[in-house]
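One structure is given here, and the rest of the page talks about it.
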Ligand SMILES: Cc1ncc(COP(=O)(O)O)c(C=O)c1O
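In the numbering used here, the protein residues as written are 65 to 517.
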C-alpha cells in the first residue's frame, strides 16, 4: 500500500519530516517501497547481527506463538531454558545467572537496582550511589540517564533526576583523542582510571554501590576503546578495593559485535555484571538482560532473598525463543568469528580513508567502527557546530543509499562529529568494498564543500 506524504505525516508522533518507508530487508540491505536498496551499514542502532530477513527466525516465532504465547516470568519454559543455556555457553566462568528484560534501558536499570540490592544483601545498606563516566550513555529511563552523561538527552529532565546521582561528578572518560584531562598516553599513566578512585573517595567509599562503563564506548563517543587493557584492570582493582560492583554495559558490544562474545574479554577483566540487549536477538524481538556473577546471586539465595524487580514481559517466551534461535544461527554459522574477520577486513579498507583531509581518526574492533571527522587532521580540531557535519554527512550518504549511525561526542561548544559503522556480521567483502568506496567519495566531496564555507 502506498500512502501519500500527508497521510504519512499524519501518522507520525512528530510531523516535521516525512519518514522513509521500508518494505523489506535481507542480509545487509533494506528496500524501500519504491524498490530502491540501501546498505544498512550500522544494522539500525547497532542491533542487527545476523542480518535482516532470516525466515527460520520467523518460523521459530510462529511455532512459539502457536504453542505457548505467554507465561509469567519465573516459570521453566523451554524457550527460556534454551536461551539461558546458550548464553551460559558464551559467558566467562562463574557468570551463569541471567536476568531478562525487553530493552537496553530496562536491563541497565535492572542491573543498577540489582547492584544496590546486592550491597544490601551483603550487609552494606549505605552503599547506594552509582558512579558512571563522562560522555556515557546507558539508557533513557530517569535512572539510566542519571548513570550516563549525555547532556542533550538529560537536559529536559534535570530537575527529575535523582539528586543522589545528579550531584555526583562523573568519572573522567578514557578517550585519548579527546582526553578530558588534557594528557597524552602513555605519559598520563592512565590518570583517567585513577579518577575513579578520586571520585569514590570524594563521595565516600561506604556510599558507593557500583561503577558502570562500556568496555568500548559506542554511540556516546563514536567507538572509543581504552589504549591498553591495563585501563580496565586498574578499574577492576579499584572497584575490588572499595567493594564496588563493576557493571560492564555491553548493550552494543555483547554477542560478538567486537569479535569476541563480550568486549570485556578483550581486556581480560571479569565484570561483576554484564548488561546485554541489541545483538542477543539481533533486532528480531525486544530482548535484553544482565548476567551476574554466580557469587553475587548466591548471596541472595543464601539469605533467602530475591532480586526485587520484575516486568510483565521479562523472559517473554516468544522473545526468548527468538533469542535462542538467533544464538543458534550465530553458533552454527560461526558468526562471532565472522564479525572478527569481516571487521578486520573493514578496518583495513577504512585505512585508505585516512588520506581524506577531514578524517581525523579511524577506530574500532570487529564490526564496530568509528570515524572521527575533523577540520584539522594535525590538531584534531572539529568543524564549527553550525555546519552540523555529522548530520550533513549522514544526509549525503543517505543520498548514496548508505545508512549509518552517529556518534555523540561533542566539546563544550557543541562541536564534534563521528560516524559509526556496525554492519550485520554476514556482510560480504564486496559489500564492504562498496561501502568504503562510497564513504570515501562522500567524505572527499563534503570535505571540499566545508572548506569553501
Ligand atoms: C551502551 C548502551 N546502553 C544502553 C542503551 C539503551 O538501550 P535501549 O535503547 O534498548 O533502551 C543503549 C542504546 O543505544 C546503549 O548504546
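The C-beta atom is built at its ideal place from N, Cα and C for all residues, glycine as well. Keep in mind that this is a model prediction, so the values were computed, not measured.
- Message: Quick check: the region 205-219 against the region 288-299, are at least 3 beta-carbon pairs closer than 8 Å?
- Response: no
- Length-filtered (4 minimum) alpha helix (DSSP H) runs lying within the region 117-180: 119-131, 142-154
- Query: For the 8 Å Cβ check, are there 3 or more pairs between the region 162-170 and the region 352-363?
  - Reply: yes
- Message: Let me check you understand the geometry: is the CB of residue 203 closer than 6 Å to at least one non-hydrogen atom of ligand 1?
- Response: In the chain shown, counting from the first residue as 1, residue 203 sits at position 139. For ligand 1, at least one heavy atom lies less than 6 Å from the Cβ of residue 203.
- Where does residue 465 sit, in a helix, a strand or coil, going by DSSP? If you number the chain shown from 1, residue 465 lands on position 401. Coil, per DSSP.
- Could you give the DSSP three-state label for residue 429: helix, strand or coil? Start at 1 with the first residue of the chain shown, and residue 429 comes out as number 365. In this structure, residue 429 counts as strand in the three-state DSSP scheme.
- Item | Under 7 Å between C-beta atoms of residue 403 and residue 318 | For the purposes of this step, residue 403 is taken as the residue at position 339 of the chain shown. For the purposes of this step, residue 318 is taken as the residue at position 254 of the chain shown. No, these two residues do not count as a Cβ contact at 7 Å.
- Item | Under the three-state DSSP convention, the category residue 241 falls into | Along the chain shown, read from residue 1 onward, the residue named residue 241 stands at position 177. In the structure shown, residue 241 sits in a helix (DSSP, three-state: H, G or I).
- Message: Is residue 172 a contact residue of ligand 1, with contact defined as CB to any heavy atom under 6 Å?
- Response: Looking up residue 172 in the chain shown gives position 108. Checking the Cβ of residue 172 against ligand 1 gives yes.
- Might you give, ordered along the chain, the residues of its own chain that have their beta carbon closer than 6 Å to the beta carbon of residue 164, omitting 5 neighbours on each side? By one-based count along the chain shown, residue 164 stands at place 100. These residues qualify, in order along the chain: 353, 378, 379.
- With contact counted as at least three CB pairs below 8 Å, one residue from each stretch, are the region 132-149 and the region 237-248 in contact? no
- Taking 6 Å as the line, does the beta carbon of residue 421 fall inside it for any heavy atom of ligand 1? Within the chain shown, residue 421 is the residue found at index 357, counting from 1. Result no, Cβ not under 6 Å from ligand 1.
- Hey, out of 499, 388, 504, 131, whose CA is closest to residue 106's CA? Within the chain shown, numbered from 1, the residue matching residue 106 stands at position 42. Comparing Cα-Cα distances from residue 106 to each of 499, 388, 504, 131, the minimum goes to 499.
- From the DSSP output, in three-state form, read off residue 336 for me. As a first step, residue 336 is located in the chain shown; it is residue number 272 there, counting from the start. Of the three classes helix, strand and coil, the one that applies to residue 336 here is coil, per DSSP.
- Item | residue 314 and residue 409 closer than 7 Å at C-beta | One-based indexing of the chain shown puts residue 314 at position 250. One-based indexing of the chain shown puts residue 409 at position 345. No, Cβ-Cβ distance for residue 314 and residue 409 is not below 7 Å.
- Item | Cα-Cα separation between residue 396 and residue 182, rounded to whole angstroms | Your numbering for residue 396 matches position 332 in the chain shown. Your numbering for residue 182 matches position 118 in the chain shown. Each residue's alpha carbon lies about 37 Å from the other.
- Message: Given the structure, does residue 169 come close to ligand 1, in the sense that its CB is under 6 Å from one of the ligand's heavy atoms?
- Response: Working through the chain shown from its first residue, we reach residue 169 at position 105. Yes, the beta carbon of residue 169 sits closer than 6 Å to at least one heavy atom of ligand 1.
- Message: If I measure Cβ to Cβ from residue 417 and keep anything under 6 Å in the same chain, skipping five residues before and after, which residues do I get?
- Response: Residue numbering aside, residue 417 sits at position 353 when the chain shown is read from its first letter. The residues are 423, 504.
- Which of the three DSSP states, helix, strand or coil, is assigned to residue 193? For the purposes of this step, residue 193 is taken as the residue at position 129 of the chain shown. Strand.
- Query: Just checking my contact of residue 375 with residue 133 at CB under 8 Å: how many whole Å lie between their CB atoms?
  - Reply: Mapped onto the chain shown, residue 375 falls at position 311. Mapped onto the chain shown, residue 133 falls at position 69. With a Cβ gap of about 17 Å, residue 375 and residue 133 do not count as contacting.
- Task: Thinking residue 406 and residue 400 are a contact (beta carbons under 8 Å), I'd like their distance in whole angstroms, please.
- Result: Taking the first residue of the chain shown as 1, we reach residue 406 at position 342. Taking the first residue of the chain shown as 1, we reach residue 400 at position 336. No, residue 406 and residue 400 are not in contact; Cβ-Cβ is about 11 Å, not under 8 Å.
- Query: From the DSSP output, which residues share a beta bridge with residue 411?
  - Reply: Mapped onto the chain shown, residue 411 falls at position 347. DSSP output for residue 411 lists no bridge partner at all.
- Task: Flag this pair as touching only if the region 475-486 and the region 98-114 have three or more C-beta atom pairs under 8 Å; answer yes or no.
- Result: yes
- Task: Please specify which runs of the beta strand (DSSP E), each continuous and at least 3 residues long, are wholly inside the region 337-364, giving them in chain order.
- Result: 337-340, 352-356
- Return helix, strand or coil for residue 489, following the three-state DSSP convention. For the purposes of this step, residue 489 is taken as the residue at position 425 of the chain shown. Coil at residue 489, not helix or strand.
- Message: So, at 8 Å on beta carbons, what are the nonlocal neighbours of residue 161 in its own chain, with the 5 sequence-adjacent residues on each side left out?
- Response: Reading the chain shown from its first residue, position 97 is the one you call residue 161. So the qualifying residues of the chain are 355, 356, 357, 358, 360, 361.
- Message: Give me the residue from 84, 430, 274, 512 with the minimum Cα distance to residue 329.
- Response: If you number the chain shown from 1, residue 329 lands on position 265. Residue 430 is the option with its Cα nearest to residue 329.
- Message: Can you look up residue 288 in the DSSP assignment and give me helix, strand or coil?
- Response: Numbered from 1 along the chain shown, position 224 holds the residue referred to as residue 288. Of the three classes helix, strand and coil, the one that applies to residue 288 here is strand, per DSSP.
- Buried versus exposed, by CB contacts within 10 Å (16 or more), residue 75: The sequence position of residue 75 within the chain shown is 11, counting from 1. The residue is exposed, with fewer than 16 neighbouring Cβ atoms inside 10 Å.
- Item | DSSP-derived helix/strand/coil call for residue 95 | Start at 1 with the first residue of the chain shown, and residue 95 comes out as number 31. The answer is strand: DSSP assigns residue 95 an E or B state.
- Item | Classification of residue 199 by the beta-carbon crowding that lies within 10 angstroms, buried from 16 upward | The residue you call residue 199 lines up with position 135 of the chain shown. Answer is buried; the Cβ neighbour count reaches 16.
- Task: Run through the region 364-411 for me and flag every whole alpha helix (DSSP H) of 4 or more residues, listed as ranges in chain order.
- Result: 381-396
- Message: Going by C-alpha to C-alpha distance, which of 344, 153, 264 sits closest to residue 193?
- Response: Against the chain shown, residue 193 aligns to sequence position 129. Comparing Cα positions, the closest option is 264.
- Message: For residue 77 and residue 96, I'd like the C-alpha separation in whole angstroms.
- Response: Within the chain shown, residue 77 is the residue found at index 13, counting from 1. Within the chain shown, residue 96 is the residue found at index 32, counting from 1. Computed Cα separation, rounded: 21 Å.
- Collapsed DSSP secondary structure at residue 510 in the structure displayed: Reading the chain shown from its first residue, position 446 is the one you call residue 510. In this structure, residue 510 counts as helix in the three-state DSSP scheme.
- Message: Using 8 Å for Cβ pairs, my map puts residue 293 next to residue 331. What's the rounded Cβ distance?
- Response: Looking up residue 293 in the chain shown gives position 229. Looking up residue 331 in the chain shown gives position 267. That belief holds up - the Cβ atoms of residue 293 and residue 331 are roughly 4 Å apart, short of 8 Å.
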